[in-house]
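I have placed the structure first, in the form of structure tokens, so that the comments after it can refer back to it.
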Amino acid sequence: MEWFSAAKSSLELHSTFVEVSLLLIAAAASALLLRRWGSAGNADGRRTAASQWPPGPAAWPIIGHLHLLGHLPHQSLCKLAQTYGPLMGLRLGGVPTIVASSPQMAKEVLQIHDVVMAYRPRTAAVVHMYFDGRDMGFAPYGPFWKRMRQLCATELFNGKRLASFRHVREEEARDLASAVVEMGQRGKREVELRSSLLAASNNITCRMVMSKKVGDVVSTHGGKHDLLSLTEELLLLLAVFYVGDFIPWLSWLDPHCYLKRMKIAGHRAKALMQEVINQRRLQARQGASAQDLLDVLLAASEDPNQDVPITDDNIMGLILDLFAGGSDTSSVTVEWALADLINNPKAMQKLQEELDSVVGKERLVTEDDIESLPYLGSVLKERSSRSGGRRS
1 MEWFSAAKSS
11 LELHSTFVEV
21 SLLLIAAAAS
31 ALLLRRWGSA
41 GNADGRRTAA
51 SQWPPGPAAW
61 PIIGHLHLLG
71 HLPHQSLCKL
81 AQTYGPLMGL
91 RLGGVPTIVA
101 SSPQMAKEVL
111 QIHDVVMAYR
121 PRTAAVVHMY
131 FDGRDMGFAP
141 YGPFWKRMRQ
151 LCATELFNGK
161 RLASFRHVRE
171 EEARDLASAV
181 VEMGQRGKRE
191 VELRSSLLAA
201 SNNITCRMVM
211 SKKVGDVVST
221 HGGKHDLLSL
231 TEELLLLLAV
241 FYVGDFIPWL
251 SWLDPHCYLK
261 RMKIAGHRAK
271 ALMQEVINQR
281 RLQARQGASA
291 QDLLDVLLAA
301 SEDPNQDVPI
311 TDDNIMGLIL
321 DLFAGGSDTS
331 SVTVEWALAD
341 LINNPKAMQK
351 LQEELDSVVG
361 KERLVTEDDI
371 ESLPYLGSVL
381 KERSSRSGGR
391 RS
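Right under this line is the structure:
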């Protein structure tokens, strides 16, 4: 899922484990308790459960396998899978975790047994920043999640709705192209595109959701807070390593004050989004509705025939999901696709030839051209499959 694409180097596992090294002092006593527990009753049941658990390395007391993850968990897990197989069982602190490391195992987890594996972890970030799982990304599998999924498929992201926002996407694409040309005309040989790509992606998402550019969504509740900086903070805190998520009785051990920052960010996000919703309701009563995705969500929440009620918290959570899962992911995919092309001149030339033959040099690419640009589609699909749309 796209919300996992937020995992970055901010995990800071090594530095955190230096700070929690005092845990090792208690390891001997914990090991003794574990041995006593292991020799107590219900041994047969535990042996049966253990035989059904996927293979994995030996776990340390208390921290389990956390020490094996390192700064780049995906690389560490890949190396472990070479020893223990494509389906591996780990214990991250007190959290049992299954790791699928091959396409076949991923299909088993995500498609064949998706309902069994549909559990969403209830982390501190989810509780304090994503309305205690009242969004779609972290909601438990059940009637509410099914209702939100149905709403997204039939109302928010159907073909007609997406087509109605085509002008938004094309306007932002033109603005991005103009910005790149302007940067090139300044005489610079190297152009940094990351910020421009992210701005374009954020603006597309924000205009589709609430008919505003992301920089125009600002709250004055308890100080000036804008949606862009709040989204960046939410994504950062969603990816950090907070000890309490894995070892609850050590939640007080938070040297980076992550929990405090999560609570502050969640409070600010709720205040900002509630202000946006209240303004939109006022506009609707005045007959000035914008008919964007926010209007669709508000209309669904006011439907008297709905089986599953949709609250303001649900709407705010889903909007934050859209920013978390869409903006950064799209911009990073394009950025890395461009980097791949720069490092592969033959592929760059082939793509340029396709664009010249289909589009020409007198106009920009439009959405009508996409079906006639198979190589461009292959470039983006290749990058997405290699990195999941994230920095690798």
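For the sequence shown, UniProt numbering begins at 1 and goes up steadily by one. A virtual CB, placed ideally from N, CA and C, is assigned to each residue, including glycine. Since the structure is predicted, the reported quantities are computational estimates derived from the model, not experimental observations.
Residue i vs residue j beta-carbon contact at 9 Å
{"i": "D312", "j": "Q274", "result": "yes"}
{"i": "S331", "j": "L197", "result": "yes"}
{"i": "D254", "j": "P143", "result": "no"}
{"i": "N314", "j": "D132", "result": "no"}
{"i": "L69", "j": "L92", "result": "yes"}
{"i": "M129", "j": "L234", "result": "yes"}
{"i": "G85", "j": "P55", "result": "yes"}
{"i": "A59", "j": "L90", "result": "yes"}
{"i": "S251", "j": "A124", "result": "yes"}
C-alpha gap between residue i and residue j, whole angstroms
{"i": "L293", "j": "W145", "result": "18 Å"}
{"i": "R207", "j": "A269", "result": "18 Å"}
{"i": "C78", "j": "T231", "result": "30 Å"}
{"i": "Q75", "j": "A81", "result": "10 Å"}
{"i": "L380", "j": "L373", "result": "11 Å"}
{"i": "N343", "j": "L298", "result": "47 Å"}
{"i": "E108", "j": "R186", "result": "52 Å"}
{"i": "L66", "j": "A265", "result": "27 Å"}
{"i": "F241", "j": "P121", "result": "14 Å"}
{"i": "Y258", "j": "I62", "result": "21 Å"}
{"i": "T83", "j": "S101", "result": "12 Å"}
{"i": "V127", "j": "L320", "result": "14 Å"}
{"i": "A153", "j": "M210", "result": "19 Å"}
{"i": "L318", "j": "D295", "result": "13 Å"}
Cβ-based burial, residue i [other Cβ within 10 Å; buried from 16]
{"i": "N202", "result": "buried"}
{"i": "R261", "result": "buried"}
{"i": "G325", "result": "buried"}
{"i": "E192", "result": "exposed"}
{"i": "R383", "result": "buried"}
{"i": "Y375", "result": "exposed"}
{"i": "H225", "result": "buried"}
{"i": "F157", "result": "exposed"}
{"i": "I247", "result": "buried"}
{"i": "M162", "result": "The amino acid at residue 162 is misidentified as Met; the sequence shows Leu. The residue in question, L162, is exposed, as its Cβ has fewer than 16 Cβ neighbours within 10 Å."}
{"i": "V181", "result": "exposed"}
{"i": "I112", "result": "exposed"}
{"i": "R36", "result": "With a pLDDT of 47 at R36, under the threshold of 50, the predicted position of this residue should be treated as unreliable, though the coordinate-derived value follows. Exposed, since its Cβ has fewer than 16 Cβ neighbours within 10 Å."}
{"i": "S147", "result": "Rather than Ser, the amino acid found at residue 147 in this sequence is Arg. The residue is buried, with at least 16 neighbouring Cβ atoms inside 10 Å."}
{"i": "G64", "result": "buried"}
{"i": "T366", "result": "exposed"}
{"i": "T205", "result": "buried"}
{"i": "L110", "result": "exposed"}
{"i": "S378", "result": "exposed"}
{"i": "E371", "result": "exposed"}
Whole-number beta carbon distance between residue j and residue i, since they are thought to touch under 8 Å
{"i": "A118", "j": "L364", "result": "Contact doesn't hold; Cβ gap of about 42 Å is too wide."}
{"i": "V276", "j": "V217", "result": "7 Å"}
Three-state class that DSSP yields for residue i in the structure shown
{"i": "I315", "result": "helix"}
{"i": "T97", "result": "strand"}
{"i": "A125", "result": "helix"}
{"i": "H225", "result": "strand"}
{"i": "G70", "result": "coil"}
{"i": "W60", "result": "strand"}
{"i": "L364", "result": "coil"}
{"i": "R91", "result": "strand"}
{"i": "V109", "result": "helix"}
{"i": "S219", "result": "strand"}
{"i": "M117", "result": "coil"}
{"i": "Y130", "result": "coil"}
{"i": "K213", "result": "coil"}
Closer than 8 Å: residue i CB and nearest the ligand GDP heavy atom
{"i": "L234", "result": "As presented, the structure is devoid of all ligands, the ligand GDP included, so that no description of it is given."}
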